[in-house]
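Inspection log for the structure reproduced underneath, given as structure tokens.
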Amino acid sequence: MPKPVFILNGPNLNLLGLRQPEIYGRETLEDVADACSALAEELGLSIRFHQSNHEGALVDWIHQARNEGSGIIINPAAYTHTSVAILDALNAFEGPVLEVHISNVHRREAFRHHSYVSLRAEGVIAGFGTEGYQLALRRMKTLVGK
Ligand code: CA2
């Protein structure tokens, strides 16, 4: 089995399913983690699923993935649009990076249309709801699972 895929989630995603269901749906982050674990098992992958409201914690997990991870799936949430620190950390990671957004950021405010992380990501999924995480995991299997 390859090294685990790190699935990283940024600020406020701990509120998933509890607020703004019209934008982010009714599934909780725990539901998303469970669905990812089940799919990972089916695909013969392992995952490490994390969420933090703190930029530095996300940077630390990306550093950890440099030795311990095969790929990174990241929903950086609001840090998508602001964080050079997360981009720099991802640039120091050698494996594939996939960016996920639950909502279609391009249909929303102009400040959500730019992503620092997209400068590094092999692919971006936006607007597929929480199903986007599973689509990203299937793509990650293609990229790391051979
Ligand atoms: O669509 C996405 O996944 C986003 O990354 C979510 C971020 C937003 O800043 C990005 O522009 C797009 C916001 C995450 C906040 O999540 C909440 C979930 C439920 C209730 C409140 C916030």
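Each number in this note's numbering corresponds to the 1-based position in the sequence shown with 3 added.
Cβ atoms here follow ideal geometry from the backbone N, Cα and C, with glycine treated the same way.
{"Asked": "The ligand CA2 heavy atom lying under 7 angstroms from the CB of H84", "Found": "yes"}
{"Asked": "Bounding residues of the alpha helix (DSSP H) (the contiguous stretch that carries Q205)", "Found": "This structure leaves residue 205 out entirely; the chain is present only between 4 and 149."}
{"Asked": "As assigned by DSSP and simplified to three states, the class of G59", "Found": "helix"}
{"Asked": "Neighbourhood of V62 by C-beta, 6 angstroms cutoff - its chain only, sequence neighbours within 5 removed", "Found": "A88, A92"}
{"Asked": "Close Cβ partners of S40 (< 7 angstroms) along its chain, the five nearest in sequence each way excluded", "Found": "I50"}
{"Asked": "Reduced DSSP category for H104 - H, G, I as helix; E, B as strand; rest coil", "Found": "strand"}
{"Asked": "Distance CB(I75)-CB(L16) smaller than 8 angstroms", "Found": "no"}
{"Asked": "Continuous beta strand (DSSP E) stretch holding V127: start and end", "Found": "126-129"}
{"Asked": "L16 CB to nearest heavy atom of the ligand CA2 below 7 angstroms", "Found": "yes"}
{"Asked": "Enclosing alpha helix (DSSP H) for V8 [first to last residue]", "Found": "Premise fails: V8 lies in the beta strand (DSSP E), 8-12, not in any alpha helix (DSSP H)."}
{"Asked": "C-beta contact flag for H109 and H116 at 8 angstroms", "Found": "yes"}
{"Asked": "Same chain only: Cβ atoms within 7 angstroms of K6, ignoring 5 sequence neighbours per side", "Found": "E71, G72, S73"}
{"Asked": "Between the CA atoms of L18 and R29 - distance to the nearest angstrom", "Found": "10 angstroms"}
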